[in-house]
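Q: One structure is given below, represented as structure tokens, and several questions about it will come after.
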Amino acid sequence: MGDYIVLIISCIFINNILLAQYLGNCPFLGTSKKMETAVGMAFAVVFVLVMAGVITWVVNQYVLTRFGLEYLRTIAFILVIASLVQFVEMFLKKSIPALYAGLGIFLPLITTNCAVMGVCLINVNEEYTFVQAIVSSFAYAIGFGLALILFAGVRERIMLARVPKPLEDTSIGLVTAGILSLTFFAFKGMV
Amino acid sequence: MIEALIFMLCIGAICGLALSIASKVFYVYEDPRIAKVEDFFAGANCGGCGYTGCSAAAVAVVDGKAPPGVCIVAGSEAALKVAALMGLDPGTAEPITSYNECKGGHRATDKYYYSGLNTCKALAALYGGKRDCEIGCIGFGDCVKSCTFDAIHMGPEGYPVVDEMKCVGCGACEKACPKSILTIRTMSERLLHFNEEDDALAPCRQTCPAEIDIPKYISQIQSGDYEGAVNTIRERNPLLLSCGRVCPHPCEDYCRRGIEDEAVSINQLKRFVADFELDSEKHLPIPCAPDTGKRAAVIGGGPAGLSCAYFLRRLGHSVTIFESMPHLGGMIRYGIPEYRLPKAILDWEIEGILNLGVEARTNATFGEDFDIGYLAAEGFNAIFVGVGAWVDYTLKVEGENLGGCYTGIDFLSRLAGGEKFPLGRRAAVIGGGNSAIDCVRNLIRLGVEEVWIVYRRTRAEMPANEVEIEAAEHEGVKFQFLAAPMKVIGDEEGNATHLEYQKMELGEPDASGRRRPVPIEGSETLLEVDTLITAIGQRPDMFFKEKSKRLDPLEITRWNTIDANPETLQSSIPHIFTGGDSATGPSLVVEAIGGGRRAARSIHQYLTEKPVAPVKKSLFKRHIPGTIFDSVKGIERTPRAEMPELTVKERITSFIEVDQVLSEEDAQKEANRCLSCCRICYNKDVG
Ligand SMILES: Cc1cc2nc3c(=O)[nH]c(=O)nc-3n(C[C@H](O)[C@H](O)[C@H](O)COP(=O)(O)OP(=O)(O)OC[C@H]3O[C@@H](n4cnc5c(N)ncnc54)[C@H](O)[C@@H]3O)c2cc1C
Ligand code: SF4
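First to last, the sequence lines map onto chains A and B.
The numbering used here puts the first residue of the first sequence at 1, with every later residue one more than the last.
The numbering used here puts the first residue of the second sequence at 192, with every later residue one more than the last.
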């Protein structure tokens with residue numbers, strides 16, 4: 001049990017996918033201008049990451065390793081994740097229209113999200129068990145959501161401040177992201 | 192290598208298969224028209240339509256929840272195509288555009304700039320965005336940043352300018368502006384808008400009973416856009432030629448320039464642009480909303496009825512006016528004399544309103560020639576009653592009915608109708624209001640040698656407009672103040688020869704604060720007259736109520752006006768509305784015009800089956816606190832434009848219009864005296 005807690009904490013804080021690993025930067029900058037969108041995106045990522053974590057783990061374990069095709073991992077994962085997202089979209093539309101309406105436009109965006117891909121690859125590289133893979137995917141997604149929402153809050157404030165012209169918008173966003181990431185380094189010694 | 196290929200083929204096939212099975216299993220029937228409709232949309236996903244993206248809007252159109260013209264970016268052509276696809280009538284898409292309420296003006300030095308803020312939102316949040324005035328534009332351009340269509344830029348004065356060609360009405364600027372300065376409205380919404388507490392309103396504009404956007408039309412005059420000024424006035428007042436002549440301009444009493452200097456001559460500027468249109472001999476086009484198929488009857492063709500009919504027509508309803516006299520115009524035709532408002536001009540103005548497709552039936556008296564049952568049978572969904580106040584009060588003294596005695600409205604309206612009166616040498620008019628003055632000035636022009644005004648109180652208490660009293664004085668009218676008529680004395684043939692009156696003196700102040708005149712015993716005096724007109728006020732004639740049982744529930748006040756909610760003007764019978772003198776008692780032309788529009792708004796609500804409700808945060812007969820100043824800094828005194836007038840000699844021998852119009856040069860000068868108020872805020876360029 002203790003192991004899982006350590007895993008969760010390290011995934012959320014220490015190895016935060018956005019601020020420590022610098023993956024998934026496009027949604028990080030793209031959907032963080034407004035709190036509302038950031039929250040929507042965070043939920044969509046949690047949902048997709050867990051699903052993707054599970055399925056890629058299965059594909060890796062029972063197909064790729066079995067046939068000694070590990071070198072095809074990246075391309076296989078891309079295909080699988082893209083299909084998965086499509087599948088999930090269709091499924092939600094039919095079965096849970098309410099959820100579909102909420103996550104709607106964010107789902108297709110995640111198809112090309114490197115954070116999802118990254119987490120799946122990490123799961124494999126770290127040789128996690130099935131359960132560990134699920135927990136880590138979930139925790140990484142939470143970390144993603146946390147960082148995104150924090151960042152959106154900061155950016156909403158920045159909107160009100162006087163920023164020198166050349167630094168406006170994305171530039172100041174990147175600077176802020178850097179500072180935010182520095183603060184996350186403080187978690188390094190935790191575990 | 193082969194393995195890899197086979198593997199990729201397999202995994203591709205599996206994914207493809209899974210997806211195709213899924214699309215079969217999880218298939219949700221989607222109307223094929225949705226995709227087609229979406230193709231016609233702009234694909235901007237801007238949300239301006241109120242739906243989350245273009246596909247959601249397309250779904251709404253196919254479900255019949257949104258009109259074909261829902262996409263504000265794609266424009267009317269796309270709306271037509273969508274409508275054709277859906278087999279609908281493209282109908283009601285009125286274009287929406289953004290309107291800037293703020294015209295810049297005199298900006299205060301920017302004292303908060305150094306605290307490091309540069310957005311309107313932040314300034315508004317921290318300091319209420321105000322310095323001298325709570326309302327104006329802050330000028331940091333949050334709206335410009337918010338516009339994705341590049342339709343707003345900061346003008347040279349540092350306030351936003353909307354490019355109407357580029358604006359699609361998506362509403363982003365309205366949301367971004369913390370001061371409600373930019374508003375997204377259709378024409379109908381603008382016509383239906385009444386002053387609200389949060390609006391950016393100059394003091395004059397708050398005061399005008401018709402709520403005309405005065406600073407806007409004055410700034411249009413400044414820039415030489417006279418047609419634009421006419422259109423601006425027409426959004427609130429269809430009778431600008433008449434008002435420009437006869438309005439006693441309550442707005443000027445609140446002009447901010449007037450605090451330190453003479454007020455801007457607002458009404459003369461209105462007359463200037465109104466005459467500009469008249470002189471061009473072409474009615475400017477007036478847009479109307481698409482037809483709604485609802486019908487409204489307007490009873491009474493005075494200013495209130497004309498205004499109500501005009502606004503209802505522009506909102507797309509079909510309107511019929513019923514008027515008991517042979518011509519439309521009401522009191523402004525039959526009361527206000529030719530020398531103040533020439534009939535030819537009034538005809539031209541009314542023609543412009545009828546050209547919109549308003550039907551008018553004259554010589555049709557409600558309660559005599561037709562009744563409420565007829566209107567119901569004809570399919571009128573709502574009725575506006577604006578019958579004015581046409582019954583003269585009488586003196587109730589002996590001899591009042593002798594030959595040569597008339598009452599004010601009766602005399603004026605018969606005169607306006609072309610009747611000739613056998614008038615003698617000496618005439619007296621009893622009363623101190625505008626009708627009394629109109630009577631005496633008419634009598635002078637009709638060749639009566641000696642004309643008297645007999646009034647109970649003193650000149651200071653006369654309710655007539657100061658300018659009118661002065662004009663009467665110039666024209667040689669004599670005044671007998673502090674005189675109460677006692678009886679009219681006649682000769683054997685029953686014609687009046689003398690008016691006997693009792694002298695009065697001013698006693699204790701009464702409830703209204705005016706000193707009450709008290710009679711002096713034994714001071715009866717005779718005034719030799721052969722014509723006597725009583726003009727001591729009037730009230731509405733409600734005889735039609737007695738003619739029909741169906742009107743029994745219609746409540747009447749003790750002043751004989753129709754009892755209606757003052758803000759919605761809805762009477763005690765839900766589909767009957769009122770306005771003008773029949774709602775307020777004798778008042779002003781602008782008041783009647785404002786009332787007509789107010790009633791039109793309620794009737795529109797009634798016809799479109801919405802609850803008839805007053806405006807939220809309404810400014811009805813109120814000013815925004817804090818916008819009426821005691822002093823204004825930095826004003827250089829400049830004299831107000833003089834009104835050109837005919838000489839007294841020319842006047843009293845004819846009925847030619849006395850007041851003349853300003854020259855273009857004077858109008859420009861006068862327009863530039865306007866301070867463009869309610870626009871005082873931060874200075875973008877200082878600091
Ligand atoms: C002599 C005089 C001078 C004035 N001077 C000024 C001035 O200088 N400035 C100013 O602002 N205001 C002035 N006023 C006031 C102004 O004219 C009125 O306030 C204004 O005309 C009211 O408009 P209304 O539409 O409510 O009524 P009205 O103008 O009275 O119109 C009512 C109409 O209803 C018609 N009608 C009445 N009964 C029936 C019926 N049963 N069936 C069908 N039709 C009917 C009448 O014929 C009339 O056409 C003056 C008024 C008078 C009397
Ligand atoms: S205050 Fe003026 S500049 Fe600022 S958003 Fe509103 S209209 Fe634009």
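Ideal Cβ positions, reconstructed from N, Cα and C, are used throughout, including at glycine.
Does any C-beta atom of chain A lie closer than 9 Å to the C-beta of V216 (chain B)?
A: By 1-based counting over the second sequence, the position of residue 216 (chain B) is 25. V216 (chain B) counts as touching chain A.
Q: Between W581 (chain B) and ligand 1, is the CB less than 8 Å from at least one heavy atom?
A: One-based indexing of the second sequence puts residue 581 (chain B) at position 390. Yes - ligand 1 has a heavy atom lying nearer than 8 Å to the Cβ of W581 (chain B).
Q: Between the C-alpha atoms of R157 (chain A) and V335 (chain B), what's the straight-line distance to the nearest angstrom?
A: Counting from 1 along the first sequence, the entry for residue 157 (chain A) is found at position 157. Counting from 1 along the second sequence, the entry for residue 335 (chain B) is found at position 144. Looking at the two C-alpha atoms, the distance is approximately 19 Å.
Q: State the DSSP-derived secondary structure class of V335 (chain B), mapped to helix, strand or coil.
A: Locating residue 335 (chain B) in the second sequence gives position 144, counting from the first residue. In this structure, V335 (chain B) counts as helix in the three-state DSSP scheme.
Q: Can G609 (chain B) be considered in contact with ligand 1, in the sense that its beta carbon sits closer than 8 Å to one or more heavy atoms?
A: Taking the second sequence and counting its residues from 1, the one referred to as residue 609 (chain B) is at position 418. Because no heavy atom of ligand 1 lies under 8 Å away, the Cβ of G609 (chain B) does not count as near it: no.
Q: List, in order along the chain, the chain A residues whose C-beta lies closer than 7 Å to that of V219 (chain B)?
A: The residue labelled residue 219 (chain B) in the question sits at position 28 within the second sequence. Per Cβ cutoff of 7 Å: K93, K94.
Q: Which residues, in chain order, does the stretch 53-73 of chain A contribute to contact with chain D at a C-beta distance below 9 Å?
A: Going by chain labels, chain D is absent from the structure shown, which instead holds the protein chains A and B.
Q: What residues from the stretch 33-48 of chain A come within 7 Å of chain B, judged by C-beta to C-beta, listed N to C?
A: For the stretch 33-48 of chain A, which is checked against every Cβ of chain B, not one residue is closer than 7 Å.
Q: So for V39 (chain A), helix, strand or coil by DSSP?
A: Taking the first sequence and counting its residues from 1, one reaches residue 39 (chain A) at position 39. Helix, per DSSP.
Q: Name the residue from B:V250, B:R504, B:P528 whose alpha carbon lies nearest to the alpha carbon of I600 (chain B).
A: Here residue 600 (chain B) refers to the residue found at position 409 of the second sequence. The shortest Cα separation from I600 (chain B) among B:V250, B:R504, B:P528 belongs to B:P528.
Q: Quick one, which of B:V639, B:C245, B:D629, B:P441 has its alpha-carbon nearest A618 (chain B)'s?
A: To locate residue 618 (chain B), count along the second sequence from 1; it is residue 427. A618 (chain B) has its Cα closest to that of B:V639, out of B:V639, B:C245, B:D629, B:P441.
Q: Could you name each continuous beta strand (DSSP E) segment of 3 residues or more that falls completely within the stretch 464-532 of chain B, going from the start of the chain to the end?
A: Fully enclosed beta strand (DSSP E) runs of 3 or longer: 486-490, 509-513.
Q: Quick check: what's the CA-CA separation for T300 (chain B) versus M41 (chain A)?
A: Numbered from 1 along the second sequence, position 109 holds the residue referred to as residue 300 (chain B). Numbered from 1 along the first sequence, position 41 holds the residue referred to as residue 41 (chain A). Interpretation of T300 (chain B) is limited by its pLDDT of 39, a score under 50 that renders its predicted location unreliable; no figure is taken from the coordinates.
Q: Please indicate yes or no: does the CB of C184 (chain B) lie closer than 8 Å to some heavy atom of ligand 1?
A: This structure cannot settle anything about residue 184 (chain B), because the visible part of chain B is limited to 192 through 878.
Q: At a Cβ threshold of 9 Å, is Y22 (chain A) touching chain B?
A: The residue given as residue 22 (chain A) occupies position 22 in the first sequence. Output row for Y22 (chain A): interface = no.
Q: Quick one: what's got a C-beta closer than 8 Å to M51 (chain A)'s C-beta in the same chain, skipping five residues either side?
A: As a position in the first sequence, residue 51 (chain A) is number 51, starting the count at 1. Contacts found: L84, V88.
Q: When you compare the stretch 703-713 of chain B with the stretch 738-749 of chain B, are there three or more beta-carbon pairs, one atom per stretch, that lie closer than 8 Å?
A: In short, these stretches do not touch, since the Cβ pair count stays below three.
Q: Counting contacts by CB-CB distance shorter than 9 Å, is A195 (chain B) in contact with chain A?
A: The sequence position of residue 195 (chain B) within the second sequence is 4, counting from 1. It does; some Cβ of chain A falls within 9 Å.
Q: Looking at the unbroken alpha helix (DSSP H) that takes in H665 (chain B), where does it start and where does it end?
A: Within the second sequence, residue 665 (chain B) is the residue found at index 474, counting from 1. Start and end: 657-665.
Q: Is there a C-beta anywhere in chain A that falls below 9 Å from the one on T310 (chain B)?
A: Taking the second sequence and counting its residues from 1, one reaches residue 310 (chain B) at position 119. For T310 (chain B), the answer is yes, since a Cβ of chain A falls inside 9 Å of its Cβ.
Q: Could you spell out where the beta strand (DSSP E) holding W643 (chain B) opens and where it closes?
A: Along the second sequence, read from residue 1 onward, the residue named residue 643 (chain B) stands at position 452. Looking at the DSSP string, the run of the beta strand (DSSP E) that includes W643 (chain B) is 641-645.
Q: Entirely within the stretch 563-618 of chain B and at least 4 residues each: give me those alpha helix (DSSP H) ranges in chain order.
A: List check, alpha helix (DSSP H) in window: 563-568, 599-607.
Q: Would you list the residues sitting across from Y692 (chain B) in a DSSP beta bridge?
A: The residue given as residue 692 (chain B) occupies position 501 in the second sequence. B:P676, B:T716, per the DSSP bridge assignment.
Q: For F13 (chain A), which residues from the same chain have a beta carbon less than 6 Å from its beta carbon, with the 5 sequence-adjacent residues on both sides left out?
A: Sequence index remark: in the first sequence, residue 13 (chain A) carries index 13 (1-based). F187.
Q: I'd like to know if M192 (chain B) contacts chain A, where contact means its C-beta is closer than 9 Å to some C-beta of that chain.
A: Numbered from 1 along the second sequence, position 1 holds the residue referred to as residue 192 (chain B). Chain A contact via Cβ: absent.
Q: Does the distance between the C-beta of M516 (chain B) and the nearest non-hydrogen atom of ligand 1 fall short of 8 Å?
A: Translated into positions along the second sequence, residue 516 (chain B) becomes position 325. Checking the Cβ of M516 (chain B) against ligand 1 gives yes.
Q: Can you list the residues of chain B that M51 (chain A) reaches, using a CB-CB cut of under 8 Å?
A: Indexing the first sequence from 1 puts residue 51 (chain A) at position 51. By Cβ distance, chain B contributes nothing, its closest Cβ being about 14 Å from M51 (chain A), past 8 Å.
Q: Throw me the rounded Cβ distance for the V803 (chain B) and Q851 (chain B) pair, which I believe falls under 8 Å.
A: Counting from 1 along the second sequence, the entry for residue 803 (chain B) is found at position 612. Counting from 1 along the second sequence, the entry for residue 851 (chain B) is found at position 660. V803 (chain B) to Q851 (chain B), Cβ: 44 Å. No contact.
Q: Ligand 1 and F513 (chain B): does the residue's C-beta get closer than 8 Å to at least one heavy atom of that ligand?
A: What you label residue 513 (chain B) is simply residue 322 of the second sequence in a count that begins at 1. Yes, the Cβ of F513 (chain B) comes within 8 Å of a heavy atom of ligand 1.
Q: Can you give the beta carbon distance from G595 (chain B) to D721 (chain B), rounded, assuming they're within the 8 Å contact cut?
A: What you label residue 595 (chain B) is simply residue 404 of the second sequence in a count that begins at 1. What you label residue 721 (chain B) is simply residue 530 of the second sequence in a count that begins at 1. Going by Cβ atoms, the distance from G595 (chain B) to D721 (chain B) rounds to 5 Å, so yes, they are a contact pair.
Q: Grab me the residues of S337 (chain B)'s own chain with a C-beta within less than 6 Å of its C-beta, minus the 5 sequence neighbours each way, in chain order.
A: Sequence index remark: in the second sequence, residue 337 (chain B) carries index 146 (1-based). A363, C364, A367.
Q: Compare the C-alpha of E268 (chain B) against each of B:I205, B:C245, B:I329, B:A233 and name the closest.
A: Sequence index remark: in the second sequence, residue 268 (chain B) carries index 77 (1-based). Cα-wise, what sits closest to E268 (chain B) is B:A233.
Q: Take every Cβ of the stretch 660-675 of chain B, pair it with every Cβ of the stretch 694-701 of chain B, and state whether three or more of those distances are shorter than 8 Å.
A: The stretch 660-675 of chain B vs the stretch 694-701 of chain B: in contact.
Q: If the cut is a Cβ gap below 9 Å, which residues of chain B does L79 (chain A) touch?
A: Here residue 79 (chain A) is taken as the residue at index 79 of the first sequence, counted from 1. Within 9 Å Cβ-Cβ: M199, I202, G203, C206.
Q: Which same chain residues, not among the five before or five after F734 (chain B), have their C-beta less than 7 Å away from its C-beta?
A: Here residue 734 (chain B) corresponds to residue number 543 of the second sequence, with the count starting at 1. Excluding residues within five positions, the ones whose Cβ falls inside 7 Å are G558.
Q: For a cutoff of 9 Å on Cβ pairs, would you count A313 (chain B) as touching chain A?
A: In the second sequence, residue 313 (chain B) corresponds to position 122, counting from 1. At least one chain A Cβ lies under 9 Å of A313 (chain B).
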